[in-house]
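Q: Note that the numbering used here gives residue 42 to position 39 of the sequence shown, counting from 1, and the numbers run on in steps of one.
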Amino acid sequence: RIKPPTGRSGVLGSHLPWGDPRRGWDFVSTGHGDMHWEDAFRALSSIGYSGPISIEWEDAGMDRLHGAAEAVQRIRSLLWKRPEASFDAAFSNQ
């Protein structure tokens, strides 16, 4: 999560401890930040990507056992199979 939302006028502050409000950004669990995960996975699907998906989980504001499991569940919810044919073509044989 980037603070401020523009990401332009904040201070990186990586020398400060995790969770310190003076940091310019913090890691948050998948689905809780500014990343549009569905858009990213649709883009990967559109180019036929079928490789591994890795999750690096770091969130100072959430228990790791809960957060890591939640992150995996969120990513799995976005891994749907790409259709074999276009939307219209799927109905042309009926």
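Beta carbons: idealized from backbone N, C-alpha and C, even for Gly.
#1: Express the C-alpha separation of Pro20 and Arg26 in angstroms, rounding to a whole number.
#2: Between which two residues does the alpha helix (DSSP H) holding Trp40 run?
#3: Once the 5 residues before and after Ala63 are set aside, which same chain residues still bring their CB inside 6 Å of it?
#4: Output the distance between the C-alpha atoms of Trp83 and Pro24, rounded to the nearest integer angstrom.
#5: For Ala74 and Ser95, I'd like the C-alpha separation in whole angstroms.
#6: Considering only their Cβ atoms, is the gap separating Thr33 from Arg77 smaller than 7 Å?
#7: Below 6 Å CB to CB, which residues in the same chain sit around Ala71 once its five sequence neighbours on both sides are set aside?
A: In short, the structure shows the following:
#1: For this step, residue 26 is matched to residue 23 along the sequence shown. For this step, residue 20 is matched to residue 17 along the sequence shown. About 8 Å.
#2: Against the sequence shown, residue 40 aligns to sequence position 37. Per DSSP, Trp40 belongs to the alpha helix (DSSP H) from 40-49.
#3: Reading the sequence shown from its first residue, position 60 is the one you call residue 63. Closer than 6 Å at the Cβ level, and outside the excluded window around Ala63, lie Trp21, Gly22.
#4: On the sequence shown, residue 83 is found 80 positions in, with the first residue counted as 1. On the sequence shown, residue 24 is found 21 positions in, with the first residue counted as 1. Taking the straight line joining both Cα atoms gives about 37 Å.
#5: If you number the sequence shown from 1, residue 74 lands on position 71. If you number the sequence shown from 1, residue 95 lands on position 92. If you take the alpha carbons of Ala74 and Ser95, they lie about 39 Å apart.
#6: Residue numbering aside, residue 77 sits at position 74 when the sequence shown is read from its first letter. Residue numbering aside, residue 33 sits at position 30 when the sequence shown is read from its first letter. Taking 7 Å as the Cβ cut-off, Arg77 and Thr33 qualify as a contacting pair.
#7: Residue numbering aside, residue 71 sits at position 68 when the sequence shown is read from its first letter. Excluding sequence neighbours, Ala71 sits near Trp60.
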